[in-house]
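Asker:
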Amino acid sequence: MIKFPEGFYFGSATSSTQSEGAHTDDLKGKDIWDIWYEEEPYKFFDGIGPQDTSTFYKNYKSDIQLLKKVGHNSFRTSISWSRLFPQGFGKINEDAVKFYRNVFEELKRNDIEPFVNLFHFDMPYELQKIGGWENRKVVDYYREYAKKCFELFGDIVKRWFTFNEPIVHVECGYLLCYHYPCKVDPKAAVQVAYHTALASAFAIKEYHELNQGGKIGIVLNLTPAYPRSQNEADVKASNIAELFANKSFLDPAIKGEYDQELIDIIKKHNLMPEYTQEDLSIIKNNTVDFLGINYYQPVRVCAKAHLPNPEAPFMPDYYYDHYVMPGRRMNPYRGWEIYPKGIYDIAINIKNNYGNIEWMITENGMGVENEERFRKDGMIHDDYRIDFYKEHLTWLHKGIEEGSNCIGYHVWTFIDCWSWINAYKNRYGLIELDLETQERRIKKSGQWFKELSEKGGF
Ligand code: BG6
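According to the numbering used here, the sequence shown is numbered sequentially starting from 954.
(1) Determine, using beta carbons only, whether residue 1145 and residue 1133 come nearer to each other than 8 Å.
(2) Check whether the region 1147-1160 and the region 1236-1243 touch, using three or more Cβ-Cβ pairs below 8 Å as the test.
(3) Let's see if you can read the secondary structure: which residues bound the beta strand (DSSP E) around residue 1363?
(4) When you compare the region 1085-1100 with the region 1207-1226, are there three or more beta-carbon pairs, one atom per stretch, that lie closer than 8 Å?
(5) Can you check whether the CB of residue 1148 is closer than 8 Å to the CB of residue 1117?
(6) What are the start and end residues of the beta strand (DSSP E) that includes residue 1316?
(7) Buried or exposed for residue 1170, please, with buried defined as at least 16 other CB atoms from any protein chain shown within 10 angstroms of its CB.
(8) Thinking just about the alpha-carbon of each residue, which of 1398, 1290, 964 is nearest to the one in residue 1340?
(9) Between residue 1287 and the ligand BG6, is the CB less than 7 Å from at least one heavy atom?
(10) Measure from the alpha carbon of residue 1256 to the alpha carbon of each residue in 1267, 1244, 1277, then state which is nearest.
(11) Starting from the Cα of residue 958, find the closest Cα among 1371, 1394, 1361, 1386 and give me that residue.
(12) So, is the C-beta of residue 1344 closer than 8 Å to a C-beta in chain B?
(13) Could you give the C-beta distance for residue 1034 and residue 1075, rounded to a whole number, given that I count them as a contact under 8 Å?
(14) According to DSSP, is residue 1378 part of a helix, a strand, or is it coil?
(15) Counting C-beta neighbours from all protein chains within 10 Å, is the total for residue 1102 16 or more, i.e. buried, or is it exposed?
(16) DSSP three-state label for residue 1102, please.
(17) Quick check: does the Cβ of residue 1118 come within less than 7 Å of any heavy atom belonging to the ligand BG6?
(18) Flag this pair as yes or no: are the beta carbons of residue 1365 and residue 1288 separated by less than 8 Å?
(19) With a threshold of 7 Å, establish whether the CB of residue 1290 neighbours any heavy atom of the ligand BG6.
(20) Figure out for me which residue from 1359, 1064, 1281 has the closest Cα to the Cα of residue 1312.
(21) Taking the alpha-carbon of residue 1314 as reference, which of 1345, 1331, 1267 has the nearest alpha-carbon?
(22) Does the separation of the CB atoms of residue 970 and residue 984 fall below 8 Å?
(23) Where in the region 1141-1213 do unbroken runs of the beta strand (DSSP E), each at least 3 residues long, occur, reported from the N-terminal end onward?
(24) Could you check if residue 1130 is buried or exposed, using at least 16 other CB atoms within 10 Å of its CB as the buried criterion?
(25) When the distance is taken between beta carbons, is residue 1017 closer than 8 Å to residue 1065?
(26) Closest to residue 1143 by CA distance: which of 1206, 1285, 1227, 965 is it?
(27) Could you check where the alpha helix (DSSP H) with residue 1346 kicks off and where it finishes?
(28) Express the C-alpha separation of residue 1356 and residue 1175 in angstroms, rounding to a whole number.
(29) Give a yes or no on whether the C-beta atoms belonging to residue 1031 and residue 963 are separated by under 8 Å.
(30) Taking Cβ positions, are residue 1374 and residue 997 nearer each other than 8 Å?
(31) Can the beta-carbon of residue 1208 be found closer than 8 Å to that of residue 1229?
(32) Taking its Cβ as the centre, do 16 or more other Cβ atoms sit within 10 Å of residue 1412, making it buried, or is it exposed?
(33) Note down the Cα distance separating residue 1167 from residue 1025, rounded to an integer number of angstroms.
(34) Quick one: what's got a C-beta closer than 6 Å to residue 1269's C-beta in the same chain, skipping five residues either side?
(35) Based on the DSSP secondary-structure assignment, which residues constitute the bridge partners of residue 1405?
(36) Does the beta-carbon of residue 1199 have 16 or more other beta-carbons within 10 angstroms, so that it is buried, or is it exposed?
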């Protein structure tokens, strides 16, 4: 049997925008997703926007009962910044305070440990209007928001995260045009990345000063970079991919500094952000207590075949080409490679190169389209998802056996949720959501997950 250590966290993650539903009775301010949907609804799969996502806001009590039914001893969600502070700062929304307190208390009453994240791609629109993460002032607003969250909920919540996947709002928002504000502006991307690392460090500082007896970390999506071959040029290409995709946030979060090679590349391309020594020392002196890692896919690269277009805006793949490995396993619905051993490589990387810091898998999962075809006797038989989890857990277990300090495994996600521009195209849940009726039904993977958690393994 694959058995995990006593007290291992089993559960799932979600985010406020993806689960609560934006059109609620309280005074939530708009975030960039609400506005983007108003401006360009056709960019969202089937034209479905963030207003009705999974209705957790209304159904949190019964949803928490469902979490119990699928074996959760822990659960991550995020606080919506613009629900708590409709303007991003200033006047607080008391309904939001009540809602989040109720949710966290209800989780505790049900012996489910809340893991709470402060930012999941959801910049308040009022702050985006003044430049979002490009503007240093927004770092101060985030710091105030974070501090308020600790003061309001820190007596219940003992595990915090400052950000979820910060590289995503950098890449998708400022390089690739997949998230609002849809800019292609490498200089802004670097500024946004740096301000995000700084904001995270300020939140950590505030949290530690309050001495609430909990821990604070950051959630990073790690995509280990693998070279096509051991040819020197391929290896060099994969080292550079690793710098941008992983070390850009891992290093400041855990070591309080940036890799010199990354700084050199950024300088070479005239992309250095505006910074002060004082802010750099905040990053240096306020590192995470523990780490959340989302793992979905690796990145495979090889040396570049052609010179980059000198007029094109800088992208990290100026230094490498993506390599399509023959025989790779794909999740065709999401277009992501399935490579379970990657989770082991991450475990060993954290052990060997990041001081074996305490960490956990905060997301791992498989989004599949049209799951209706797998319905038998009323239940979705998602055996592919169970196999996916088993394979990843087997490699994770090996990493733990070899000494990596991993304390938990959260899947993405407990209930089919709204996936940003993919809306409800791919379903990830342990529990099915009927979009017409909002009815919830446990899938086969949900039953399996309960057994996994009860036995502490499989
Ligand atoms: C992670 C995010 O990137 O992956 C989630 O933290 C997201 O918000 C999940 O939903 C799955 O990706 P997607 O794009 O298929 O929803």
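All residues carry an ideal CB built from backbone N, CA and C; glycine is no exception.
Answerer: In short:
(1) no
(2) Proximity of the region 1147-1160 to the region 1236-1243 meets the contact definition, three or more beta-carbon pairs being nearer than 8 Å.
(3) 1359-1364
(4) no
(5) Between residue 1117 and residue 1148, the C-beta gap is not smaller than 8 Å, which leaves the two residues out of contact.
(6) 1312-1316
(7) buried
(8) 1398
(9) yes
(10) 1277
(11) 1361
(12) Absent here is chain B; the protein component of the structure consists of one chain.
(13) 6 Å
(14) coil
(15) buried
(16) helix
(17) Residue 1118 Cβ: within cutoff of the ligand BG6.
(18) No, they are not a contact pair.
(19) no
(20) 1359
(21) 1345
(22) yes
(23) 1168-1174, 1178-1180
(24) exposed
(25) yes
(26) For the options 1206, 1285, 1227, 965, the alpha carbon positioned closest to that of residue 1143 is the one of 1227.
(27) 1336-1354
(28) 19 Å
(29) no
(30) yes
(31) no
(32) Outside the displayed range of the chain (954 to 1411) lies residue 1412, so it cannot be described from this structure.
(33) Each residue's Cα considered, the two are about 20 Å apart.
(34) Excluding positions up to five away in sequence, the list reads 1197.
(35) Paired residues: none, contrary to the question.
(36) buried
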